[in-house]
Amino acid sequence: MMKSPILLVDDSEIDRYILKRQLKTIGFTDVIEKLDGIEALDYLKHLAATPAGKQVPLLIILDVNMPRMGGFELLANTVPLFEEVLKDTTVMIYSGSESELEKQQAAAYPWVKGFLPKGATPEQLENLVGHFRVPS
Numbered sequence: 002m003m004k005s006p007i008l009l010v011d012d013s014e015i016d017r018y019i020l021k022r023q024l025k026t027i028g029f030t031d032v033i034e035k036l037d038g039i040e041a042l043d044y045l046k047h048l049a050a051t052p053a054g055k056q057v058p059l060l061i062i063l064d065v066n067m068p069r070m071g072g073f074e075l076l077a078n079t080v081p082l083f084e085e086v087l088k089d090t091t092v093m094i095y096s097g098s099e100s101e102l103e104k105q106q107a108a109a110y111p112w113v114k115g116f117l118p119k120g121a122t123p124e125q126l127e128n129l130v131g132h133f134r135v136p137s
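Numbering of the sequence shown is given in my numbering, commencing with residue 2 and proceeding in unit increments.
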């Protein structure tokens with residue numbers, strides 16, 4: 002069985018670095034990083050176009066505010082992919098905000114299962130994403 006990676010989409014190099022290190026401390030070593038929604042969309046479309054057996058992400062950690070293409074725009078552009086290729090993929094919104102508007106926007110997508118606050122402690126991270134770990 003291929004380990005399913007986590008796809009981390011965030012334009013902040015510092016936030017990606019911190020989160021990737023925290024994920025590693027709780028046992029997630031296969032993290033693919035994309036800088037914005039356009040890079041992530043290209044990556045996901047490439048996965049959809051390749052033969053089965055590719056590493057489809059089990060979890061996408063998605064920043065909302067990014068240049069070029071933000072998180073909600075990416076979600077809107079990936080609806081067909083979630084209905085087909087990404088049907089077992091969960092999205093966690095990665096945000097420094099507790100905006101009710103963001104929560105309402107996220108609720109429009111059934112594959113968005115929650116919010117991961119920027120600056121979460123390793124314990125909070127474990128509680129939010131620990132169950133996505135794939136047994137080796």
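Every residue, glycine too, gets a C-beta built ideally from N, C-alpha and C.
What's the C-alpha gap between Ser100 and Leu126?
20 Å
Compare the Cα-Cα distances from Arg86 to each of Ser98, Gly97 and Ala50 and report the closest residue.
Contrary to the premise, residue 86 reads as Val rather than Arg in this sequence. Cα-wise, what sits closest to Val86 is Ala50.
Compute the Euclidean distance between the alpha carbons of Met3 and Lys25, then round it to the nearest angstrom.
In this predicted model, Met3 has a pLDDT of only 41, less than 50, meaning its place in the structure is not dependable; the value taken from the coordinates is given anyway. Using only the alpha carbons, I get a separation of about 18 Å.
Return the Cβ separation of Val92 and Tyr110 in integer angstroms, given the expectation that the two are a contact with Cβ distance under 8 Å.
7 Å
What do you get for Val80, buried or exposed, if any count of 16 or more other CB atoms within 10 angstroms of its CB means buried?
exposed
By Cβ distance, which residues of its chain are closer than 8 Å to Lys21, with the 5 residues on each side in sequence left out?
Leu9, Val32 and Glu34
Does DSSP put Glu84 in a helix, in a strand, or in coil?
helix
Would you decide whether Arg17 is buried or exposed? Buried here means 16 or more other CB atoms lie within 10 Å of its CB.
buried
Three-way DSSP call (helix, strand, coil) for Gly72 in this model:
helix
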